[in-house]
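Chains as they are written, first to last, in this note's numbering: chain A, 2 to 253; chain B, 117 to 283.
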């Protein structure tokens, strides 16, 4: 019973995270630290709903945005532009906004607040910067930018795994979850994987391999590799890698 | 003497009149339509996908052969023509992903002598592709290249190359 309760709580937590992420959109959806990016935040349902103005409070793995100001008095530089009812927009370039280098900037987070800090939204985090230079990573997507109609290859390089189960597991398949623009799950499927050296690869085409209702706007997908490890009794136990989220780019 | 001159003149004229240009085949620079070479029923035999940003990022993962990842070999393309004028096309995907989203329509190329751009047109919908290579005396296949452009940045981020063999 306690376990069931924990699972429900975890599920609700994940739903809340998804809902929060769904309120933030980036244009372009995939961006590097030197790209100019426009962020749009929908504050409906947060304490900032109905406020006449909003200020961006941004942070990253490499520190806070240099123009945040103080919590009690946000800098006018971070004042956002209205993009409709309860929607606010701001444009920045990562390296300038955080006064950091492309190599240092990995991910960012943000919240919206009133100038005096008396009202604020929850934290929205983490959103990844697309790396400028290729770095071998445990989880990787080929090509680096994909749309819903493209061939997508998800890769798990076991030689780069640092978690014991991921190092020991024998990957059998990959689970992919398609997510729509509202943050809801569209479809979930599991695909076989093939091995090339130390890399396990699963391949799919979102609009071909899944059932996508007409009119659905696919926003991103999540994937994790599944496999087995032997426990102390030499019995196979199913384990999974971490789950990685990938936004779809708008390609034509 | 006058007679000899006349005979010589007539003989010379006859000799000149018998001259004919030799037939060496097509001469470089002469217009040769490739529409008829492209015309026919084609089967997809190879598909590759290239990450156009990979070389910029110095990534070793640039191109991937995706031919066997999906039943691409089912895909058929029929190009029809009348004389040297392109007319209609038809695609039959079978179980293959639709690499050309249009089922039927008209096709046309930018230059019949040396096609570079090919368009598949159905009403107001057009699929644009590049002709990577076309059939000649030396090769029987032709390839189509489809670029994927990021609408937010205007950059070509991905490329598909499809090779067709005549059925």
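Backbone N, C-alpha and C define an ideal beta-carbon position, used for all residues, glycine too.
Backbone CA spacing between residue i and residue j [nearest angstrom]
i: residue 178/B; j: residue 196/A; result: 18 Å
i: residue 132/A; j: residue 54/A; result: 33 Å
i: residue 19/A; j: residue 180/A; result: With a pLDDT of 39 at residue 19/A, under the threshold of 50, the modelled position of that residue is not reliable, and the figure given next carries that caveat. Looking at the two C-alpha atoms, the distance is approximately 9 Å.
i: residue 1/A; j: residue 99/A; result: There is simply no residue 1/A to check, as chain A begins at 2 and stops at 253 in what is shown.
i: residue 257/B; j: residue 41/A; result: 48 Å
i: residue 281/B; j: residue 267/B; result: 32 Å
i: residue 184/B; j: residue 204/A; result: 11 Å
i: residue 79/A; j: residue 96/A; result: 16 Å
i: residue 21/A; j: residue 35/A; result: Per-residue confidence for residue 21/A stands at a pLDDT of 47, beneath the threshold of 50, marking its modelled position as unreliable; no derived number is given.
i: residue 69/A; j: residue 177/A; result: 37 Å
i: residue 162/B; j: residue 277/B; result: 8 Å
i: residue 14/A; j: residue 234/A; result: Note that residue 14/A scores a pLDDT of 41, beneath 50, so its modelled location is shaky and nothing firm can be said.
i: residue 148/A; j: residue 227/B; result: 31 Å
i: residue 244/B; j: residue 77/A; result: 47 Å
i: residue 203/B; j: residue 124/B; result: 58 Å
Candidates the options, of which the one nearest residue i by Cα
i: residue 246/A; options: 122/A, 220/A, 229/A; result: 220/A
i: residue 185/A; options: 204/A, 173/A, 214/A; result: 214/A
i: residue 206/A; options: 74/A, 47/A, 192/A; result: 192/A
i: residue 141/A; options: 200/A, 50/A, 40/A, 108/A; result: 200/A
i: residue 248/A; options: 25/A, 158/A, 31/A; result: 31/A
i: residue 165/B; options: 117/A, 253/A, 144/A, 45/A; result: 144/A
i: residue 273/B; options: 243/A, 69/A, 251/A; result: 251/A
i: residue 227/A; options: 97/A, 159/A, 114/A, 125/A; result: 159/A
i: residue 151/A; options: 244/A, 24/A, 209/A; result: 209/A
i: residue 214/B; options: 128/B, 229/B, 192/B; result: 192/B
i: residue 173/A; options: 121/A, 238/A, 90/A; result: 238/A
i: residue 253/A; options: 203/B, 216/B, 238/B; result: 216/B
i: residue 45/A; options: 93/A, 218/A, 24/A, 81/A; result: 24/A
i: residue 153/A; options: 186/B, 201/B, 205/B; result: 186/B
i: residue 170/B; options: 137/A, 170/A, 183/A, 85/A; result: 137/A
Beta-carbon separation (whole angstroms), residue i vs residue j, contact threshold 8 Å
i: residue 156/B; j: residue 195/B; result: 6 Å
i: residue 162/A; j: residue 139/A; result: 6 Å
i: residue 255/B; j: residue 264/B; result: Not quite, the Cβ-Cβ distance comes to about 26 Å (not below 8 Å), so this is no contact.
i: residue 49/A; j: residue 113/A; result: 5 Å
Beta-carbon proximity of residue i to residue j, cut-off 8 Å
i: residue 202/A; j: residue 173/B; result: no
i: residue 63/A; j: residue 101/A; result: yes
i: residue 158/B; j: residue 235/B; result: no
i: residue 279/B; j: residue 259/B; result: yes
i: residue 210/B; j: residue 181/B; result: no
i: residue 129/A; j: residue 107/A; result: yes
i: residue 242/A; j: residue 157/A; result: yes
i: residue 47/A; j: residue 123/A; result: yes
i: residue 237/B; j: residue 248/B; result: no
i: residue 91/A; j: residue 155/A; result: no
i: residue 188/B; j: residue 154/B; result: no
i: residue 43/A; j: residue 116/A; result: no
i: residue 111/A; j: residue 81/A; result: no
i: residue 230/A; j: residue 218/A; result: no
i: residue 197/B; j: residue 242/B; result: no
i: residue 246/B; j: residue 261/B; result: yes
Enclosing beta strand (DSSP E) for residue i [first to last residue]
i: residue 194/A; result: Careful: residue 194/A lies outside any beta strand (DSSP E) and carries neither H nor E.
i: residue 249/B; result: 241-249
i: residue 203/B; result: 201-208
i: residue 166/B; result: 156-167
i: residue 272/B; result: 272-282
i: residue 197/B; result: 192-198
i: residue 221/A; result: 219-231
Residue range of the unbroken alpha helix (DSSP H) whose run includes residue i
i: residue 125/A; result: Counting along the chain, residue 125/A falls outside any alpha helix (DSSP H), though it belongs to the beta strand (DSSP E) covering 125-129.
i: residue 168/A; result: 165-169
i: residue 98/A; result: 95-98
i: residue 210/A; result: 207-210
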